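K.L.:
My structure is below; once you've seen it, I'll send some questions.
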Amino acid sequence: MPLDPVPALLARATERLERHFASLPPLAASTGNFAATPGPGSAPAAQAALEEVLEAVATRLADNYPYFHPLYAGQMLKPPHPVARAAYALAMAINPNNHARDGGRASSEMEIEAVRHIAQLFGWTECLGHLTSSGTLANLEALWVAGLSAPGKRILASAQAHYTHNRISAVLKLPFTPIPADDRGRMDLNALEDELRRGDVGAVVVTLGTTAMGAVDPLHQVLALRQRYGFRIHVDAAYGGYFRLISAALDEPARLAYAALHQADSIVVDPHKHGLQPYGCGCILFRDPSVGRFYKHDSPYTYFTSHQLHLGEISLECSRAGASAVALWATHQLLPLLPHGEFARGLGQGRAATLDLDLRLRLDARFEPLRAGPPELDIVVWKLAAPTPRQAAALAQSVFAACAARDLHLALVELPLTWFQAGAGAGTVTCLRSVLMKPEHQAWLGQIWDKLSAATTEVLRG
Ligand SMILES: *Cc1c(COP(=O)(O)O)cnc(C)c1O
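Each residue of the sequence shown is one higher than the last, beginning at 1 in the working numbering.
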């Protein structure tokens with residue numbers, strides 16, 4: 001691996017930050033004011049103790065899959081950009097809290113700007129939004145507002161929607177109904193309309209980029225149903241939101257779904273999924289800023305130093321890492337969210353790798369990709385060819401393990417059998433799954449394929 005560029009960048013930036021606080025009386029002769037940063041002059045024994053612990057940490061951390069490497073092509077894991085890591089670590093010298101301006105003055109401003117960049121991606125300017133600790137928390141806020149807007153009404157989401165929507169609805173005591181998915185993993189519109197006819201639906205969760213296979217629910221068609229039946233539309237784009245940047249290059253109907261995104265009532269996107277951020281960074285956006293009224297509270301101790309709107313006044317969470325906002329802001333400076341920018345190009349590279357892998361699978365009789373067609377975003381799922389689903393599942397497990405032995409890390413997923421075999425009965429089958437979300441996956445696809453092919457040959461030979 002090339003030398004990690006972050007520590008050197010960070011050391012210089014930390015010195016610069018420290019100079020801004022130079023007028024304060026020093027904490028101790030031997031350290032800077034950032035006492036947690038052991039300076040060159042700190043006691044050798046203290047240095048040695050720190051180093052020893054960090055070496056133990058490095059040893060413990062080695063027990064991980066190599067998420068940062070292109071041969072890790074399993075779950076939704078993408079390394080944070082060096083600028084995000086450096087900016088996050090730099091913010092750690094301050095450790096701001098974005099629950100209120102007095103906890104994170106600069107980082108609150110940076111959050112507001114970074115959130116505005118994301119909102120612009122969806123064509124929104126006057127919306128209400130903020131970062132959250134995760135996509136789950138962001139979705140919780142969206143469904144909480146949906147429940148307050150239409151008390152007691154049902155929440156609907158596709159059976160392929162993220163599992164937390166069901167759980168969040170239970171926490172909020174809102175009735176939840178799953179809608180079957182079609183053979184592309186998209187919400188079935190006829191089944192949706194059957195439920196809407198009952199007249200008790202408060203909100204429909206539309207997923208752009210499902211977690212299992214990156215399916216894109218037909219948002220444009222759900223919007224047409226909203227005209228007829230009236231309900232809120234919450235778009236869960238935790239995974240797929242950034243694909244708005246390259247949606248013109250997607251196949252229909254995904255292209256049409258993305259083009260309609262600005263008409264949603266709320267949108268969730270996770271910068272810590274595709275946005276090159278460390279964990280702890282989700283984002284919720286509401287098209288109508290007046291939903292801010294639901295968040296009103298009068299805590300006597302949170303906000304005193306500013307008359308401006310505080311982030312803590314418009315979010316359910318209290319303390320939240322200001323460093324997440326700093327890292328996201330820094331990333332947007334280096335890689336603006338532009339349709340033809342470097343960040344968008346990276347999404348396109350993962351997409352190209354996906355179509356490449358899908359095509360190779362389709363041309364190889366050992367594999368059975370989705371019958372209905374190629375993936376909509378950058379996640380590939382495929383079944384192993386075998387006489388029975390049980391045998392196909394066992395083969396998938398064995399190929400998964402044989403790939404891992406070759407340093408290629410894939411994932412397993414359980415999907416309906418009919419999506420792979422015409423006329424198959426009900427029931428599911430264990431399949432292989434690969435999330436090709438790193439730009440490097442395009443250049444590495446040849447090696448990924450060679451390893452997958454060799455591992456499969458080995459397994460089939462028995
Ligand atoms: C990952 C994901 C979530 C949950 O987000 P977390 O950040 O993991 O809490 C929700 N919805 C979709 C579609 C996701 O892919």
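Think of the CB as a built atom: it goes at the ideal place given N, C-alpha and C, for glycine as much as any other residue. Please read all numbers here as calculations on a predicted model, not as lab measurements.
Using the Cα positions of E52 and A8, report the straight-line distance between them to the nearest angstrom.
P.N.:
In the sequence shown, the residue the question calls residue 52 occupies position 52. In the sequence shown, the residue the question calls residue 8 occupies position 8. Distance between the alpha carbons of E52 and A8: 21 Å.
K.L.:
Just mark P387 as buried or exposed, buried being the case when its beta carbon has 16 or more other beta carbons within 10 Å.
P.N.:
Indexing the sequence shown from 1 puts residue 387 at position 387. Exposed.
K.L.:
Which whole-angstrom value is the C-beta distance of G104 and C283, which I expect to be below 8 Å?
P.N.:
Locating residue 104 in the sequence shown gives position 104, where the first residue counts as 1. Locating residue 283 in the sequence shown gives position 283, where the first residue counts as 1. G104 to C283, Cβ: 16 Å. No contact.
K.L.:
Please tell me whether, using a cut-off of 7 Å, the distance from the CB of T210 to the nearest non-hydrogen atom of ligand 1 is below it.
P.N.:
Along the sequence shown, one-based indexing puts residue 210 at 210. Yes, since a heavy atom of ligand 1 falls inside the 7 Å radius drawn around the Cβ of T210.
K.L.:
Closer than 7 Å by C-beta to G123: which residues in its own chain qualify, once you throw out the five before and the five after it? Chain order, please.
P.N.:
Position 123 of the sequence shown, counting from 1, holds the residue named residue 123. The residues are H262.
K.L.:
In terms of alpha-carbon separation, which member of H332, L363, D378 lies closest to T354?
P.N.:
Sequence index remark: in the sequence shown, residue 354 carries index 354 (1-based). Answer by Cα proximity: D378.
K.L.:
When you compare the CB positions of L90 and A11, do they come within less than 8 Å of one another, or not?
P.N.:
Against the sequence shown, residue 90 aligns to sequence position 90. Against the sequence shown, residue 11 aligns to sequence position 11. In this structure, A11 does not lie closer than 8 Å to L90 by Cβ.
K.L.:
Counting Cβ pairs, one atom from each stretch, are 3 or more of them under 8 Å apart for the stretch 420-437 and the stretch 393-407?
P.N.:
Contact between the stretch 420-437 and the stretch 393-407 is present, because at least three Cβ pairs lie under 8 Å.
K.L.:
What is the DSSP secondary structure of R154, counted as helix, strand or coil?
P.N.:
Stepping through the sequence shown from its first residue, residue 154 is reached at position 154. The answer is strand: DSSP assigns R154 an E or B state.
K.L.:
Which of the three DSSP states is assigned to I448 in this structure?
P.N.:
Indexing the sequence shown from 1 puts residue 448 at position 448. DSSP places I448 in helix when its eight states are reduced to three.
K.L.:
Quick check: what's the CA-CA separation for Y88 versus S133?
P.N.:
Counted from its first residue, the sequence shown places residue 88 at position 88. Counted from its first residue, the sequence shown places residue 133 at position 133. Going from the Cα of Y88 to the Cα of S133 covers about 14 Å.
K.L.:
Grouping DSSP H, G and I as helix and E and B as strand, with all else coil, what is G241?
P.N.:
Counted from its first residue, the sequence shown places residue 241 at position 241. Three-state result, G241: helix.
K.L.:
Cβ-heavy atom distance between T207 and ligand 1 below 7 Å?
P.N.:
Numbered from its first residue, the sequence shown carries residue 207 at position 207. Within the cutoff, so yes.
K.L.:
Report whether the distance from the Cβ of H463 to the nearest heavy atom of ligand 1 is below 7 Å.
P.N.:
Absent from the model: residue 463. The displayed extent of the chain is 1 to 462, so no value can be given.
K.L.:
Could you give the DSSP three-state label for W382: helix, strand or coil?
P.N.:
Numbered from 1 along the sequence shown, position 382 holds the residue referred to as residue 382. Correct three-state label for W382: strand.
K.L.:
Considering only heavy atoms of ligand 1, does any lie closer than 7 Å to the CB of K273?
P.N.:
Working through the sequence shown from its first residue, we reach residue 273 at position 273. Yes - ligand 1 has a heavy atom lying nearer than 7 Å to the Cβ of K273.
K.L.:
Taking the alpha helix (DSSP H) that V463 belongs to, which residues open and close that run?
P.N.:
Because the chain here runs from 1 to 462, residue 463 falls outside it and cannot be looked at.
K.L.:
Quick check on the DSSP output: the alpha helix (DSSP H) that includes S398 runs from which residue to which?
P.N.:
Counting from 1 along the sequence shown, the entry for residue 398 is found at position 398. Looking at the DSSP string, the run of the alpha helix (DSSP H) that includes S398 is 389-405.
K.L.:
Which of the three DSSP states is assigned to E458 in this structure?
P.N.:
Locating residue 458 in the sequence shown gives position 458, counting from the first residue. It is helical.
K.L.:
Rounded to whole angstroms, what is the Cα-Cα separation between G373 and R184?
P.N.:
For this step, residue 373 is matched to residue 373 along the sequence shown. For this step, residue 184 is matched to residue 184 along the sequence shown. Looking at the two C-alpha atoms, the distance is approximately 8 Å.
K.L.:
I'd like to check one pair, A238 with G135: are the Cβ atoms closer than 8 Å?
P.N.:
Here residue 135 is taken as the residue at index 135 of the sequence shown, counted from 1. Here residue 238 is taken as the residue at index 238 of the sequence shown, counted from 1. Their beta carbons are under 8 Å apart, which means G135 touches A238 by this criterion.
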